[in-house]
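In this note's numbering, the protein residues as written are 3 to 487.
To start, the structure under review is shown below, and the notes come after it.
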Amino acid sequence: MQHVKLARDRRKRKSRIKAAIFFVALALIFSGAMLGLKDRAQSDASVQSELAPEMIDDTQYQSLHPEETDKTTQNTPPTNAPQKDDATSYDDELQAQDDEAEEVKPQFDELDALPQNAQDALSGLLDAADQALRITDQFSYTVAQGDTLKDVLELSGLEDDTAKQLIASYPELQSLKAGQQFYWILDKSEQLEYLNWLVSEKEERIYERTEEGKFKRQILEKQSVWKKEVLKGQVNGSLAAGLRALGLDGRQIAQLSSALQWQISLQKLKEGSRFSVLVSREYLSDKLTGQGNVEAIHIVAEGKSYYAVQATNGRYYNQQGETLGKGFARYPLQRQARVSSPFNPNRRHPVTGRVRPHKGVDFSVPQGTPIIAPADALVEKVAYQGGGAGRYIVLRHGREYQTVYMHLSRSLVRAGQTVKKGERIALSGNTGISTGPHLHYEFHINGRPVNPLSVKLPGTSSGMSTAERKQFLVRAKEAERMLRL
């Protein structure tokens with residue numbers, strides 16, 4: 003029986019060895035976990051000492067590291083970050099490197115350089131190099147009914163304080179009339195330097211910033227003659243080239259581009275397409291000054307006619323009086339949501355303390371909330387940026403307008419696709435550097451971000467009263483007769 007006893011002993015020894023190994027393994031696992039927690043606590047203490055969190059609006063913020071962001075997972079905010087209802091982000095600059103991107107680049111006709119009279123007015127202020135640089139920061143606009151100076155200057159991204167400063171010194175700028183024209187230039191710091199206001203056919207006012215930061219005014223009583231003319235031509239290369247050949251300058255071409263952009267793609271006009279333009283232009287000693295106003299245009303392309311006729315309110319309509327500008331919804335959501343972080347060009351980063359502008363509005367919405375297009379658009383870009391904006395989309399709405407959507411969980415569109423107002427384009431999320439689920443929404447005009455919640459939206463208040471409409475239909479019928487091709 004000895005062999006049976008020995009076998010039993012061997013089994014007991016094996017059982018004791020297995021149990022010992024099991025308990026040793028448990029001890030090692032426990033020890034490793036404790037060491038890991040200790041190291042993490044020391045690391046957190048080190049970070050706390052180097053980057054002390056700052057209290058902003060009674061909320062304590064902590065830095066977020068790009069290397070902790072994974073595009074395949076949703077970010078978990080640190081324990082001392084804002085609650086999810088206050089979700090926001092501090093790294094929404096799209097200049098950073100994209101990890102993934104598909105993009106289309108819309109092509110637009112380039113406008114002329116500075117009008118001659120503006121060049122003459124600026125000759126004492128700018129040297130040749132500065133003038134060439136600032137050509138890219140020139141803007142023009144024809145006043146529509148209801149526009150204020152703030153609405154005009156906001157087209158170049160200027161804040162309300164610039165308009166307030168001008169109006170405080172020159173109260174006449176409070177009373178703008180439909181059809182008046184503005185032309186202005188920003189300096190290297192993107193501050194208003196030069197503003198040209200065509201008050202009437204006989205009066206022009208120029209406002210220039212002085213070295214002290216104030217504005218001086220010059221009033222020009224004009225001895226010029228305005229002539230109403232019908233100009234006819236055809237597309238050779240581009241519509242803009244054809245219009246320039248007839249003597250129209252950049253400002254008049256910009257007027258037409260804005261008026262027609264919702265009807266027809268000017269880039270796709272084929273060679274030989276015909277057009278006629280009704281324009282009022284200023285002459286001084288039989289020479290064009292560069293001032294002018296396009297009252298109507300007729301284009302015939304591939305057997306179809308397109309009209310844009312200016313009403314007395316400064317806006318353009320087709321010959322039936324239907325608006326050409328597309329209306330924008332104020333919010334890119336199916337329901338209005340709470341703003342967790344407003345537009346703020348002077349916002350400070352809670353960790354670095356540096357001014358880090360918040361160029362959009364953050365909406366506090368649960369992950370997976372549908373995002374909709376606020377107006378008809380071309381999907382210009384769909385991309386992912388792990389170290390900042392996360393998954394984001396850029397929509398192009400005609401020449402001047404873009405909207406941007408960041409920190410998305412999923413895109414529902416592709417670059418190059420066209421979408422209609424109200425169509426779903428994405429689902430909200432928490433990708434990139436973000437403290438919780440939210441939508442970061444930006445509204446750009448001429449490449450510059452403006453406050454989406456206060457900017458005057460295109461296509462709003464563009465209807466006409468019954469009396470205005472009657473007057474317009476008479477005007478449109480006469481323009482149609484004059485522009486017949």
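Where is the CB? At the ideal position from N, CA and C, for every residue including glycine.
Inset, instruction - Tell whether a beta-carbon distance below 8 Å holds between residue 408 and residue 315. - result: Not a contact, by the Cβ cut-off of 8 Å.
Legend entry - Opposing strand residues paired with residue 218 [DSSP bridges]: 210
Legend entry - Under the three-state DSSP convention, the category residue 289 falls into: Strand.
Inset, instruction - Spatial neighbours of residue 151 within its chain, please: CB distance less than 7 Å, with the 5 preceding and 5 following residues excluded, ordered by chain position. - result: 165, 168, 169, 175, 178
Legend entry - Beta bridge counterpart(s) of residue 240 as assigned by DSSP: 238
Legend entry - Residue interval of the beta strand (DSSP E) (run including residue 364): 363-366
Inset, instruction - Reducing DSSP to helix, strand and coil, say where residue 479 ends up. - result: helix
Legend entry - Pair within 8 Å by beta-carbon distance, residue 459 and residue 365: no
Inset, instruction - Using the DSSP secondary-structure output, state which residues sit across from residue 346 in a beta bridge. - result: 360
Legend entry - Through-space distance from residue 228 to residue 475, alpha-carbon basis: Cα-Cα distance, rounded: 24 Å.
Inset, instruction - Give me whichever residues DSSP pairs with residue 337 in a beta bridge. - result: Note: residue 337 sits in no beta bridge, so no partner.
Legend entry - 3-residue-minimum beta strand (DSSP E) runs that sit fully inside the segment 154-209, ordered along the chain: 183-188, 194-202
Inset, instruction - Taking all protein chains shown into account, decide if residue 376 is buried (16 or more other Cβ within 10 angstroms of its Cβ) or exposed. - result: buried
Inset, instruction - Determine the burial state of residue 348: buried for a count of at least 16 other Cβ atoms within 10 Å of its Cβ, exposed for fewer. - result: exposed
Inset, instruction - Taking all protein chains shown into account, decide if residue 238 is buried (16 or more other Cβ within 10 angstroms of its Cβ) or exposed. - result: Residue 238 should be labelled exposed.
Legend entry - Boundaries (first-last residue) of the alpha helix (DSSP H) holding residue 253: Run containing residue 253: 252-262, per the alpha helix (DSSP H) assignment.
Legend entry - Among 341, 318, 303, nearest to residue 441 - alpha-carbon criterion: 341
Inset, instruction - Evaluate the contact criterion for the segment 244-252 versus the segment 183-201: three or more CB pairs, one atom per stretch, below 8 Å. - result: no
Legend entry - Whole-angstrom distance between residue 368 and residue 456, CA atom to CA atom: Whole-angstrom Cα-Cα distance: 24 Å.
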